[in-house]
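Below is one structure, written out as structure tokens; comments come after it.
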Amino acid sequence: MKAMTIFNHEQFGNIRTLTDEQGETWFVAKDVTDALGFLSAKDGIRGLDDDEKGGRIVPTPGGEQKVSMINESGLYSCILKSRKAQAKKFKRWVTREVLPSIRKQGQYVMTGVTPNVGSPAESGIHPAKALEVVTDYFQLATQNLPNLSESSKQALMATLTEEVVGIRCLPLPKVEERFWTASELAAEFCISPQRLGKTANQNGMKCDEYGEFRISKSRHSDKQVEQFFYNSKGRTTLARLLGCDLDDAAA
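For what it's worth, numbering that gives the first Met the number 0 labels the leading residue of the sequence shown as 0, then goes sequentially.
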């Protein structure tokens with residue numbers, strides 16, 4: 000195990016790393032999870048695979064201690080789990096400055112400028128590891144959100160690969176048809192979203208004929224949930240069932 004290297008960023012603080020005999024970089028879990036806004040290191044690394052985390056002896060102000068650490072794959076998993084706005088900036092800093100510096104120079108040199116890197120190789124990312132994380136996260140998301148439409152699944156995979164790997168292996172789906180949320184239609188019909196949702200459920204309207212499920216953010220937390228979006232037929236059908244006049248300009 001090589002000596003510890005400490006990287007500093009004015010926003011994220013110190014990130015301590017070690018490189019093992021196989022050349023794999025390990026990050027002190029608490030440093031990463033603090034930077035990503037988790038309540039604790041335990042919370043941040045919960046759910047990571049055994050080969051993505053482990054304990055290492057590192058020097059601390061109180062002497063050598065065993066601390067939790069995560070490897071590069073674990074780092075990407077933590078970034079994907081974070082709901083903080085700074086997660087994307089943190090990923091850019093680590094993958095475009097820290098990791099390339101470790102691999103090319105064996106140390107980190109603060110330049111104050113984020114290089115414009117266009118490929119995974121140039122950014123220091125291991126594409127195979129990153130794609131594995133993307134695939135695992137995609138499978139987990141689609142298992143927990145089984146009703147997602149095919150276009151939403153395609154958008155999810157395209158976004159994940161572009162964010163984590165740095166390439167777009169799938170194009171974002173082209174949306175030609177207009178869709179409305181329950182809240183948007185309820186506002187148009189001057190009724191409550193609860194009444195609209197009840198009417199849709201009673202008539203079995205949450206299906207492909209009347210719209211599609213997409214990933215959305217819960218109103219009460221950072222949790223990702225399925226949300227049904229109504230298409231034009233869904234909007235027209237709901238208006239008829241509710242006895243509401245349509246605003247033709249919104250069609």
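Quick reminder that beta carbons are idealized off the backbone N, C-alpha and C, glycines included.
Item                                                                                       : Value
For Thr235, the first and last residue of its enclosing alpha helix (DSSP H)               : Ser231 to Leu241
Through-space distance from Arg177 to Gln85, alpha-carbon basis                            : 31 angstroms
Cβ pair count under 8 angstroms reaching 3, the stretch 25–40 against the stretch 76–95    : yes
Boundaries (first-last residue) of the alpha helix (DSSP H) holding Trp92                  : Gln85 to Trp92
Pairwise C-alpha distance: Asp48 and Leu195                                                : 42 angstroms
7 angstroms Cβ cutoff met for Gly73 and Glu51                                              : yes
Through-space distance from Met156 to Ala40, alpha-carbon basis                            : 27 angstroms
Closest residue to Trp179 among Asn146, Asn7 and Lys205 (Cα-Cα distance)                   : Lys205
Contact under 7 angstroms by Cβ, Ala28 with Ile44                                          : yes
Beta carbon of Phe26 nearer than 7 angstroms to that of Ile69                              : yes
Rounded straight-line distance, which links the Cα of Thr158 to that of Val267             : Because the chain spans 0 through 250 in this model, residue 267 falls outside it and cannot be assessed.
Distance, Gln138 Cα to Ile56 Cα                                                            : 34 angstroms
Nearest neighbour of Lys197, chosen from Ile214, Phe227, Ser215 and Asp30 [CA to CA]       : Phe227
DSSP-derived helix/strand/coil call for Ile190                                             : coil
Best match in Gln153, Cys189 and Leu144 for proximity to Glu304 [C-alpha to C-alpha]       : The requested residue 304 is not part of the displayed model; the chain covers only 0 to 250.
Pair within 7 angstroms by beta-carbon distance, Gly210 and Gly233                         : yes
Pairwise C-alpha distance: Thr18 and Lys80                                                 : 24 angstroms
7 angstroms Cβ cutoff met for Ser151 and Arg82                                             : no
Residue nearest to Asp42 in terms of C-alpha spacing, selected from Glu9, Gly203 and Ile78 : Ile78
Counterpart residues of Leu147 in DSSP-defined beta bridges                                : Phe212
Burial state of Leu38 (16 or more Cβ within 10 Å)                                          : exposed
Nearest-angstrom beta carbon gap, Leu184 and Leu237 [assumed within contact, 8 angstroms]  : 6 angstroms
Element boundaries [alpha helix (DSSP H), containing Thr32]                                : Ala28 to Ala34
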